[in-house]
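Participant: Counting in the numbering used here, the sequence shown runs from 337 upward without gaps.
Even glycine gets a Cβ: it sits at the ideal position worked out from N, Cα and C.
This structure is in structure tokens; I'll ask about it shortly.
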Amino acid sequence: MAHMSSDQNPASSRPDTPLINASRTIHRRNIKGERMRQAILNAATSLFAAHGYNYVRIADIAKQVGISDAGVLHHFPSKADLFLAVVRLREADYRTDIFEADTVREMIDRIIDSVRTASRHPDLLRFRAMLTSAAMTADTPAQNHLETNLGIMLNAMEKVIAQGIRAGEIRSDTDARHASLALLAINEGVRNQWALHPDLVDYVATFTSSVNVIYRGIAANPLPSRFKESGLTPSTNGI
Numbered sequence: 337m338a339h340m341s342s343d344q345n346p347a348s349s350r351p352d353t354p355l356i357n358a359s360r361t362i363h364r365r366n367i368k369g370e371r372m373r374q375a376i377l378n379a380a381t382s383l384f385a386a387h388g389y390n391y392v393r394i395a396d397i398a399k400q401v402g403i404s405d406a407g408v409l410h411h412f413p414s415k416a417d418l419f420l421a422v423v424r425l426r427e428a429d430y431r432t433d434i435f436e437a438d439t440v441r442e443m444i445d446r447i448i449d450s451v452r453t454a455s456r457h458p459d460l461l462r463f464r465a466m467l468t469s470a471a472m473t474a475d476t477p478a479q480n481h482l483e484t485n486l487g488i489m490l491n492a493m494e495k496v497i498a499q500g501i502r503a504g505e506i507r508s509d510t511d512a513r514h515a516s517l518a519l520l521a522i523n524e525g526v527r528n529q530w531a532l533h534p535d536l537v538d539y540v541a542t543f544t545s546s547v548n549v550i551y552r553g554i555a556a557n558p559l560p561s562r563f564k565e566s567g568l569t570p571s572t573n574g575i
């Protein structure tokens, strides 16, 4: 009995059904739509970072992408929605496991790693620097989001540092809240200086050396051997 080759199989030569064609069309549209959405986000990030929220129009973003205003609003119902989408995009650059660290040293190393990752996206860094400045002078769509996020970060960092005090890694006279604020302030300050003078400021290197100074200042002296992986020597000055 002769065997039918795959080329002769009637099923293989059967024309696509309307359902298959429709599925392929939807898939192509989804890919195209996602690419357009990303292009809009990229343009918005760059423009918001350069000019701030109040001085960027939907028309400016549409022009940079090469589409109509309606094309932008199809993906993002309003400028505020688009702005918040950029905020969320920026936050996605940071590790989500930072505050699950078992030690303060591990937490700081994870923060450094997140800063290194964020540095690969200059427009997002400039956007964050702009957002910090705008939050001090005027309301933005992200105002409540920023305040909530700051509270979450402070509480999480304070918890890890307090745990470090109990474990003997951190000096007992350290104020966990003050230490947490110092770490956050260093990040904001170095990032803002980089945004103003990118050719003069090495964001990652400056941040890394600065937070290591903070760690030396709060680390127990002598530091228990299990916390010495980094090779840092604690100072006698606390925070």
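Look up I403 in the DSSP assignment and say whether it is helix, strand or coil.
Facilitator: The residue labelled residue 403 in the question sits at position 67 within the sequence shown. DSSP places I403 in coil when its eight states are reduced to three.
Participant: Restricting to Cα atoms, I'd like to know which of A521, L486, S516, L425 is closest to P373.
Facilitator: Against the sequence shown, residue 373 aligns to sequence position 37. In the sequence under discussion, the amino acid at residue 373 is Arg, which differs from the Pro named in the question. Answer by Cα proximity: L425.
Participant: If we ignore side chains and look at the alpha-carbon of each, how far apart do A335 and A503 end up?
Facilitator: Absent from the model: residue 335. The displayed extent of the chain is 337 to 575, so no value can be given.
Participant: Classify G487: buried if its beta carbon has 16 or more other beta carbons within 10 angstroms, exposed otherwise.
Facilitator: Counted from its first residue, the sequence shown places residue 487 at position 151. By the neighbour-count rule (16 or more Cβ atoms within 10 Å), G487 is not buried but exposed.
Participant: When DSSP builds the beta bridges, which residues end up paired with A555?
Facilitator: Your numbering for residue 555 matches position 219 in the sequence shown. Partner(s): I506.
Participant: Quick one: Cα of L420 to Cα of H481, how far?
Facilitator: In the sequence shown, counting from the first residue as 1, residue 420 sits at position 84. In the sequence shown, counting from the first residue as 1, residue 481 sits at position 145. Each residue's alpha carbon lies about 9 Å from the other.
Participant: Quick one: residues in its chain with C-beta nearer than 7 Å to the C-beta of L383, no 5 flanking neighbours on either side, listed in chain order?
Facilitator: The residue labelled residue 383 in the question sits at position 47 within the sequence shown. Result list for L383: V392, D396, I397, Q400, in chain order.
Participant: Please state the DSSP three-state secondary structure of D445.
Facilitator: By 1-based counting over the sequence shown, the position of residue 445 is 109. Helix, per DSSP.
Participant: Evaluate E436 with the Cβ neighbour count: other Cβ atoms within 10 Å of its Cβ, from every protein chain shown; 16 or more gives buried, anything less gives exposed.
Facilitator: The residue labelled residue 436 in the question sits at position 100 within the sequence shown. Per the 10 Å Cβ criterion, exposed.
Participant: Quick one: grab the DSSP three-state call for N491.
Facilitator: Stepping through the sequence shown from its first residue, residue 491 is reached at position 155. Here N491 sits in helix by DSSP.
Participant: Evaluate the contact criterion for the region 442 to 451 versus the region 539 to 550: three or more CB pairs, one atom per stretch, below 8 Å.
Facilitator: Touching, yes.
Participant: Would R462 pass as a contact of A385 if the rule is Cβ separation under 8 Å?
Facilitator: Counted from its first residue, the sequence shown places residue 462 at position 126. Counted from its first residue, the sequence shown places residue 385 at position 49. Yes. Within cutoff.
Participant: Would the beta-carbon of A465 fall within 8 Å of that of A406?
Facilitator: Residue mapping note: residue 465 aligns to position 129 of the sequence shown, counting from 1. Residue mapping note: residue 406 aligns to position 70 of the sequence shown, counting from 1. The answer is no: Cβ separation not under 8 Å.
Participant: So for Y391, helix, strand or coil by DSSP?
Facilitator: By 1-based counting over the sequence shown, the position of residue 391 is 55. DSSP places Y391 in coil when its eight states are reduced to three.
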